[in-house]
Amino acid sequence: MPKAAIAIHGGAGTILRSQMTPDLEREYRGGLDAGLKAGWLILERGGSALDAVEAAVCSLEDFPLFNAGRGSVFTHEGKQEMDASIMDGSTLKAGAVAFVRNIRNPIRLARLVMERTEHVLLAGEGAQHFAEQMGIPTEPDEYFFTEHRWLQLQDAIAEGRIQLDHASATPEEGIVGTALAERSDTFAKPLGTVGAVACDSRGRLAAATSTGGMTNKKFGRVGDTPLIGAGTYADESVAVSCTGHGEYFMLGVSAYDLAARMKYKGLSLSEAASEAVDRLSEIKGEGGLIAVDSAGNISLEFNSEGMYRGYKTSGGDQTIAIYM
Ligand code: ASP
């Protein structure tokens, strides 16, 4: 019988012990623990992997320190535009939304796209209309407002740069200033997102990812998170959720890259995860991924300095970690 297992992440990037206070670390660990519990509760009762990843991501979206749902970063215009996707490996169905606003839990809307439409990805105004029709819970702007995100935006505007989450605020360490077009050698680096992957007791797999993108983002920028195959993927053998510099996950089609390495090269989960992250490094991308296979094995791989992460299995393994 497969092991039931769930893994979650709360973003990858320059997360240094030296920049963390004990109180803040406790808060982050509490947020991860709540997300893990929300998903595990479902698996433990024999529920589906799909329900488990949705519940885990909802909990992480509700936690104000992560850059998704409540706590999402601000765009240049001082708004929150959120992206999310979910995939059910047992049916190979997926749903996703891009730049939606005021939706309490974008991952729920992504699931409705999967279950109630013939489409995979809905964006912007159309996605908002769909949300209205579905009667999905919305919240006023104040719900999404967090002071630390607002201050990040003011800093970013004052310095004329696009501010990254979980990244040090110096250009040398990866923040790209004002116009993307001014720098053809690189992209802006948004880091910080939430995700979950799960294997249920029947060996069914699912993956879900949700993000607010990056502070001071402009031009309707959308990253890898709502793109099936780039930020999220699940089939009968593996479920993957990515976090990090989205442009590179798009170019490397990273979530599917991992799945393809298992399928076509016959690699194990951990070999495929490590090769997929090596490939990301080769193309100069930064971040990480969480993955689970149909036997309930888990892999958490990243090439950044840290990744908020955790997992739990019916075999009794459980862990929450932040740094390298
Ligand atoms: N990958 C997300 C994006 O590029 C951000 C993140 O993972 O933090 O929008």
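Position 169, counted from 1, in the sequence shown is what the working numbering calls 184; the numbers after and before it change by one each time, with no gaps.
C-beta: ideal position from N, C-alpha, C; glycine also.
Next on the checklist: With H, G and I counted as helix, E and B as strand and the rest as coil, what does DSSP make of G189?
Outcome noted: Any reading at G189 needs caution, since the residue's pLDDT is 35, under 50, leaving its predicted position unreliable; the model's value is listed next. When DSSP states are grouped into helix, strand and coil, G189 belongs to the coil group.
Checklist entry - Quick one: does the C-beta of G26 sit closer than 6 angstroms to a heavy atom of the ligand ASP? => result For the ligand ASP, at least one heavy atom lies less than 6 angstroms from the Cβ of G26.
Checklist entry - Just reading off the beta strand (DSSP E) that V128 is part of, what are its end residues? => result Careful: V128 lies outside any beta strand (DSSP E), inside the alpha helix (DSSP H) at 121-131.
Next on the checklist: Shorter than 6 angstroms, the distance from the beta carbon of D239 to the closest heavy atom of the ligand ASP, or not?
Outcome noted: Indeed, a heavy atom of the ligand ASP lies less than 6 angstroms from the Cβ.
Next on the checklist: If you follow the alpha helix (DSSP H) that K232 is in, where does it begin and where does it stop?
Outcome noted: Where K232 is concerned, there is no enclosing alpha helix (DSSP H), given that its DSSP letter is neither H nor E.
Next on the checklist: Going by beta-carbon coordinates alone, are I30 and E320 separated by less than 7 angstroms?
Outcome noted: Contact check for I30 against E320 passes: the beta carbons are separated by less than 7 angstroms.
Checklist entry - Which partner residues does G150 have in the DSSP bridge list? => result DSSP, once it has assigned bridges, lists no residue as partnering G150.
Item to check | Secondary structure of F317, DSSP reduced to three states | outcome: In the structure shown, the three-state DSSP call for F317 is strand.
Item to check | Spatially closest choice to A213 from G86, R131, G110, E59, by CA coordinates | outcome: Among G86, R131, G110, E59, the Cα nearest to that of A213 is on E59.
Next on the checklist: I'd like to confirm something about G46: is its beta-carbon nearer than 6 angstroms to some heavy atom of the ligand ASP, or not?
Outcome noted: No, the ligand ASP has no heavy atom inside 6 angstroms of this Cβ.
Next on the checklist: Let me confirm a value: H24 is counted as buried when at least 16 other C-beta atoms fall within 10 Å, else exposed. Which label applies?
Outcome noted: Result: buried.
Item to check | Residue range of the alpha helix (DSSP H) that includes Y52 | outcome: According to the sequence provided, residue 52 is Lys. The question's Tyr does not apply to it. Start and end: 37-59.
Checklist entry - Exposed or buried, what is L166 when buried is set at 16 or more other beta-carbons lying within 10 Å of its beta-carbon? => result Looking at its Cβ environment, which holds fewer than 16 other Cβ atoms inside 10 Å, L166 is exposed.
Next on the checklist: Between the region 272-282 and the region 223-235, can you find at least three pairs of beta-carbon atoms closer than 8 angstroms?
Outcome noted: The region 223-235, when compared against the region 272-282, does not touch it at the 8 angstroms Cβ threshold.
Checklist entry - Just reading off the beta strand (DSSP E) that L114 is part of, what are its end residues? => result Note on identity: in this sequence residue 114 is Phe, with Leu being the wrong assignment. 108-115 is the span of the beta strand (DSSP E), which, as asked, contains F114.
Item to check | Cβ neighbour criterion (16 or more within 10 Å) applied to Y43 | outcome: Buried: at least 16 other Cβ atoms inside 10 Å.
Item to check | Where G86 sits in the DSSP three-state scheme | outcome: In this structure, G86 counts as coil in the three-state DSSP scheme.
Next on the checklist: Assuming the contact rule is C-beta atoms closer than 8 angstroms, I243 and S100 should be a hit. Round their C-beta distance to whole Å, please.
Outcome noted: Indeed, because the Cβ distance is near 6 angstroms, the residues count as touching under 8 angstroms.
Next on the checklist: What does the alpha-carbon distance come out to for the pair E69 and Q34?
Outcome noted: Between E69 and Q34, the C-alpha separation is close to 31 angstroms.
Next on the checklist: Helix, strand or coil, according to DSSP, for P205 in the structure here?
Outcome noted: Because P205 carries a pLDDT of 44, less than 50, the predicted location of this residue cannot be relied on, and no value is offered for it.
Checklist entry - Hey, how far is the Cα of H163 from the Cα of G302? => result In a straight line, the C-alpha of H163 is about 22 angstroms away from that of G302.
Checklist entry - Which partner residues does M339 have in the DSSP bridge list? => result Secondary-structure assignment with DSSP links M339 through no beta bridge to anything.
Item to check | DSSP state of I298 mapped onto helix, strand, coil | outcome: DSSP places I298 outside both helix and strand once states are collapsed to three, so it counts as coil.
Checklist entry - Once you ignore the five residues that flank D239 on each side, which residues in its own chain have a CB closer than 7 angstroms to its CB? => result Around D239: A245, G246, C257, G261, F264, M265.
Checklist entry - Hey, would you say A109 sits closer than 7 angstroms to A138, going by beta carbons? => result Going by beta carbons, A109 and A138 fall outside the 7 angstroms limit.
Item to check | Presumed contact (8 angstroms Cβ cut-off) between A67 and V115, rounded CB distance | outcome: So it is not a contact: roughly 23 angstroms between Cβ atoms.
Item to check | Among A306, G86, T106, P17, nearest to F317 - alpha-carbon criterion | outcome: Closest in C-alpha terms to F317, from the list A306, G86, T106, P17, comes A306.
Checklist entry - In whole angstroms, what is the alpha-carbon distance linking F159 and D272? => result C-alpha separation (whole angstroms): 34 angstroms.
Item to check | Sub-7 angstroms separation of S74 and A53 beta-carbons | outcome: At a Cβ-Cβ threshold of 7 angstroms, S74 and A53 count as neighbours.
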